[in-house]
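Chains as they are written, first to last, in this note's numbering: chain A, 17 to 328; chain B, 187 to 378.
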């Protein structure tokens, strides 16, 4: 059974029936938003059942659209959170990627600005490495990007999509070794992206991010994970009562290879490690549970089949 | 940018030049300063790196006096001021308090001030309240700091006599910086 990431949008009336349906079909609800009279569900559902959900949702004014980025966590890295980079360039990109189902976090570097003086510290590096992908939003000048990008990417192990003002070809030429994706023409600007041409650029960013993540999924499929992160999320939500009291929008954030659980590490890591997944198999057997560099959260990384010899 | 007589961005990189043209345009518009600027020349060389913005302002709006935003009625020793534009109310009150003391300045409602004045003190209508040129130069320099690439912490700025400039870099500024500024002014046809 292959799961496909989708977004369901519909009225709040009887939406719990849709949730039950998705769960009964073996799908997973990754995130649920209730906005006034509307419900937005981001879910992973079995490919063959999409039509069924669409049919049942129709009388409830529901609509199912594919969202390629559901179940991923993406870092949008910008040299600073100063007025020079906010609100438009960084927020618009972060927000647009979010519309396709990804959970985006903005990472504003403490000393990322300037050309010669740009730096990346170990905390920033580790936080970025906890994501599935990093989108770097740099400035408008080739000379600048050429000089500072090697510093900003030092130690980053996740795929990088580089955005900047110069055209895509120019970006490809100045970056060595190459990164996974490039989008030119998205540099520093000081206005909202409203014109169709600018929205087109944001579409390009999303397309590039999707392409890079699809590639990553293919790579992961060669040595599949011992258990799907979405299923892990359900198991943790069932077994750890306190997660329901966490107020953040995604108390458990699903990533491609693991989860971020927004509970204090010291108290809950031993609890999570001991949760039984299947006869005699605990989470501790299938994944590494480590402290996250983001606040006091817990980072769960699922081990691949080659390490555990188990696939659930 | 039509309102500005001369506006150029000079930069060795074509893409960067277009971006900074747009950035300068948007930022000046957002801060309502397009009407103030007559000429503006921006020079950026990311290789050095250096950012130079030079410009000339238009004739700035004059000093705002009480009669520009309020009606003044004098009756014997009582002066009634009816405020039309509340924007200047706070500075006006401060001036009146300083001049007459709080006990002689009454404000029965939001838009009315009643003053009891002595002999020869009734000329309230011509009282200067606010000088826009004071803040405009500060705003201009602030706006240029927003336009400049971020991280250029070494700065030199100047304003006065209808002219202003801002030079910024992340390294120590070159010694011949004033010659450079003079050259940029000369491009706009302005002698310094």
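Glycine included, C-beta positions come from ideal geometry on N, C-alpha and C.
Going by DSSP, what residues sit across from residue i in a beta bridge?
| i | result |
| --- | --- |
| residue 241(A) | 320(A) |
| residue 206(B) | Bridge partners of residue 206(B): none, in fact. |
| residue 51(A) | 54(A) |
| residue 298(A) | 292(A) |
| residue 260(B) | 265(B) |
| residue 94(A) | 124(A) |
| residue 153(A) | 179(A) |
| residue 119(A) | 89(A) |
| residue 199(A) | 179(A) |
| residue 240(B) | 227(B) and 351(B) |
| residue 315(A) | 276(A) and 306(A) |
| residue 45(A) | 59(A) |
| residue 314(B) | 251(B) |
Taking Cβ positions, are residue i and residue j nearer each other than 9 Å?
| i | j | result |
| --- | --- | --- |
| residue 24(A) | residue 246(A) | no |
| residue 363(B) | residue 341(B) | no |
| residue 451(B) | residue 193(B) | This structure gives no information on residue 451(B), because the portion of chain B shown stretches from 187 to 378. |
| residue 301(B) | residue 281(B) | no |
| residue 262(A) | residue 287(A) | no |
| residue 206(B) | residue 156(A) | yes |
| residue 73(A) | residue 26(A) | yes |
| residue 234(B) | residue 319(B) | no |
| residue 381(B) | residue 228(B) | In this structure chain B extends from 187 to 378, so residue 381(B) is not present and cannot be described. |
| residue 291(B) | residue 279(B) | yes |
| residue 231(B) | residue 198(B) | yes |
| residue 371(B) | residue 315(B) | no |
| residue 310(B) | residue 246(B) | no |
| residue 347(B) | residue 158(A) | no |
| residue 258(A) | residue 279(A) | yes |
| residue 209(B) | residue 206(A) | yes |
| residue 167(A) | residue 136(A) | yes |
| residue 213(B) | residue 329(B) | yes |
| residue 60(A) | residue 31(A) | no |
For the alpha helix (DSSP H) containing residue i, list its first residue and its last residue.
| i | result |
| --- | --- |
| residue 27(A) | Where residue 27(A) is concerned, there is no enclosing alpha helix (DSSP H), although the beta strand (DSSP E) it sits in stretches over 19 to 27. |
| residue 368(B) | 363 to 373 |
| residue 224(B) | Looking at the DSSP string, residue 224(B) is not in any alpha helix (DSSP H); the run it does join, the beta strand (DSSP E), is 223 to 231. |
| residue 145(A) | 138 to 145 |
| residue 83(A) | No alpha helix (DSSP H) contains residue 83(A), which DSSP labels as neither H nor E. |
| residue 162(A) | 158 to 168 |
| residue 254(B) | 252 to 255 |
| residue 73(A) | 66 to 73 |
| residue 277(B) | 275 to 286 |
| residue 35(A) | 31 to 40 |
| residue 109(A) | 104 to 114 |
| residue 99(A) | Per DSSP, residue 99(A) belongs to no alpha helix (DSSP H) and is neither H nor E. |
| residue 185(A) | 184 to 190 |
I think residue i touches residue j, with their Cβ atoms under 8 Å apart; what is that distance to the nearest whole Å?
| i | j | result |
| --- | --- | --- |
| residue 148(A) | residue 229(A) | 7 Å |
| residue 334(B) | residue 237(B) | 5 Å |
| residue 46(A) | residue 270(A) | 5 Å |
| residue 316(A) | residue 305(A) | 5 Å |
| residue 318(A) | residue 284(A) | No, residue 318(A) and residue 284(A) are not in contact; Cβ-Cβ is about 17 Å, not under 8 Å. |
| residue 153(A) | residue 105(A) | 6 Å |
| residue 426(B) | residue 366(B) | Residue 426(B) lies beyond the range of chain B shown here (187 to 378); nothing can be said about it. |
| residue 221(A) | residue 195(A) | The pair is not a contact, with the Cβ atoms about 14 Å apart (cut-off 8 Å). |
| residue 151(A) | residue 225(A) | 7 Å |
| residue 200(A) | residue 184(A) | 4 Å |
| residue 317(B) | residue 249(B) | 5 Å |
| residue 240(A) | residue 320(A) | 7 Å |
| residue 50(A) | residue 28(A) | 6 Å |
How is the beta strand (DSSP E) around residue i delimited, first residue to last?
| i | result |
| --- | --- |
| residue 331(B) | No beta strand (DSSP E) contains residue 331(B), which is instead part of the alpha helix (DSSP H) from 318 to 333. |
| residue 246(B) | Where residue 246(B) is concerned, there is no enclosing beta strand (DSSP E), given that its DSSP letter is neither H nor E. |
| residue 306(A) | 303 to 307 |
| residue 298(B) | 298 to 302 |
| residue 211(A) | No beta strand (DSSP E) holds residue 211(A); DSSP gives it neither H nor E. |
| residue 341(B) | 340 to 346 |
| residue 194(B) | 192 to 196 |
| residue 268(A) | 268 to 270 |
| residue 295(B) | 291 to 295 |
- [ ] Tell me, please, whether the stretch 127 to 145 of chain A touches the stretch 303 to 311 of chain A by the rule of three or more beta-carbon pairs shorter than 8 Å.
- [x] In short, these stretches touch, since the Cβ pair count reaches three.
Task: Meets three-Cβ-pair contact criterion under 8 Å: the stretch 188 to 197 of chain A and the stretch 86 to 106 of chain A - done: Not touching, per the Cβ criterion.
Task: Three-pair Cβ contact test at 8 Å for the stretch 197 to 216 of chain A versus the stretch 283 to 298 of chain A - done: Contact between the stretch 197 to 216 of chain A and the stretch 283 to 298 of chain A is absent, because fewer than three Cβ pairs lie under 8 Å.
Open item on the list: Taking contact to mean 3 or more Cβ pairs, one atom from each stretch, closer than 8 Å, check whether the stretch 18 to 32 of chain A and the stretch 74 to 89 of chain A are in contact.
Closed with: For the pair of segments examined, the stretch 18 to 32 of chain A was found to touch the stretch 74 to 89 of chain A: the number of CB pairs separated by less than 8 Å reaches three.
- [ ] Decide if the stretch 94 to 111 of chain A is in contact with the stretch 120 to 137 of chain A; the criterion is three or more beta carbon pairs, one per stretch, under 8 Å apart.
- [x] Enough Cβ pairs lie closer than 8 Å, so yes.
Task: At least 3 beta-carbon pairs within less than 8 Å: the stretch 264 to 273 of chain B vs the stretch 290 to 305 of chain B - done: Three or more beta-carbon pairs separated by less than 8 Å link the stretch 264 to 273 of chain B to the stretch 290 to 305 of chain B, which places the two stretches in contact.
Open item on the list: For the stretch 131 to 138 of chain A against the stretch 60 to 71 of chain A, do three or more pairs of beta-carbon atoms, one drawn from each stretch, fall closer than 8 Å, so that the two count as touching?
Closed with: At 8 Å Cβ cutoff, the stretches do not touch.
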